[in-house]
Structure formats: C-alpha cells, structure tokens
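Under the numbering used here, the residue at position 11 of the sequence shown is numbered 11, and the numbers go up by one with no gaps.
Encoded as structure tokens, the structure appears first; notes follow it.
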Amino acid sequence: VRHFVNRNPSVFGSDIDADNVRWCAASLPGKYIRNDLFPRLDFDDSHFGLVYAISVFTHLDQDAANAWRDEIHRVLRPRGIAIFTIHGSTGIGRILDDRRLNLLASNGFDASSPDARLDKHIEDRTYYRATFQSAHSVRQFFGQRFRVIDQIVGANALLQDFVVLEKR
C-alpha cells in the first residue's frame, strides 16, 4: 500500500487476522476490514481495478482456494488485474517430505500440511495450510476464471511466485 499512496488511489484491505487489520488501519492510508474465512466480501461486483493477495493462496486448501479465486473474480472489474502469490517452484524446493512431493507430483497441488501460525487468531484451526502448486496447476486453476498473464518465479522474497492475471 505504501507504494500506491502517491497515486491517490482508494485503498481497501481485508484479512482474516484482526490484529493485522488493526495494524493496517492504524499505520496505512485506506479502509481495512476483517473478513470471514470464506467469502463473501462486503464489496459490490466489479468494484476494483486491481486486487493483490500476498500469501493468501499459499495457505488455502482446494475448497477455500476455489471460493477465494471466484470471489476475487466477482469483485474485480472486467480487464482488471489480480496479482497473487503462490508457493510455486521456489517454494516446492523447500518441501523435504517425500509423501508431500508425491502428492504434488500426482495432483499438481498439495495442501496436506496444517500451518499453526494463525491458530490463536482464527476460529478454525484446520483452515490455514502450507499450500504448494506446480506451474501447470497454477495456470489450470487460475485460468478457469482469468487470463494468466505471467508467473514470476521467486519474485516475493525468493520464496513465493507472483501470478499476474487479468479478468476476462
């Protein structure tokens, strides 16, 4: 958000973690709300020209990922841009568990490992995962609702890939 402020945009933020929402509201320009673990966001259809989700799809099982992909599609304007991060090829290199690597190799997607970092902040302790996707899976999954413009490997802290999408 700090990088967009000079352009005078309307900035909205949404997160499942109330502590993060409070920090953003106190520290950054814009309006910030806490959302539920599953959609619906309190925004009209086609409200945004740009949506970015950093380290969201890196922590969702398939049902939650489908729901949030579709919800973000709903609130994005036609030809609007979405930028998401995923654990792609750079993140996959950090998996040291053969069972998880086999799941990923056969399905292109693995969300089999819980991530306890938000256990104190959300109601459902099974929701937050460590999720990994192959490049083919990323294009197939997001391509159902968006035009996939690019996948930039390791662009977020050399750990996550950026996926750049356009709403059709």
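C-beta atoms are modelled at their ideal positions from N, C-alpha and C, and glycine is treated no differently.
Proximity winner among the options, relative to residue i (alpha-carbon distances)
i: N156; options: A64, V51 and S55; result: S55
i: G80; options: P9, H47, A130 and R117; result: H47
i: D124; options: T90, N6, L60 and E166; result: L60
i: V153; options: P9, S89 and R129; result: S89
i: S134; options: K167, W23 and R100; result: R100
Whether residue i touches residue j by CB criterion (7 Å)
i: V11; j: V21; result: no
i: V51; j: L76; result: yes
i: I86; j: D150; result: no
i: G91; j: F132; result: yes
i: A53; j: F4; result: no
i: A116; j: R129; result: no
Boundaries of the alpha helix (DSSP H) in which residue i is found, first to last residue
i: V21; result: A18 to S27
Unbroken beta strand (DSSP E) run spanning residue i, endpoints
i: S14; result: F12 to D15
i: G30; result: It is not in any beta strand (DSSP E) - G30 carries neither H nor E in the DSSP assignment.
i: D161; result: Q160 to K167
i: F146; result: F146 to N156
Any chance you could list the beta strand (DSSP E) runs of at least 3 consecutive residues sitting entirely within the stretch 53-138, in chain order?
-> Fully enclosed beta strand (DSSP E) runs of 3 or longer: 76-86, 109-114 and 129-133.
Do the stretch 35-44 and the stretch 6-17 meet, that is, are 3 or more Cβ pairs less than 8 Å apart?
-> Counting C-beta pairs closer than 8 Å gives three or more between the stretch 35-44 and the stretch 6-17, which meets the contact rule.
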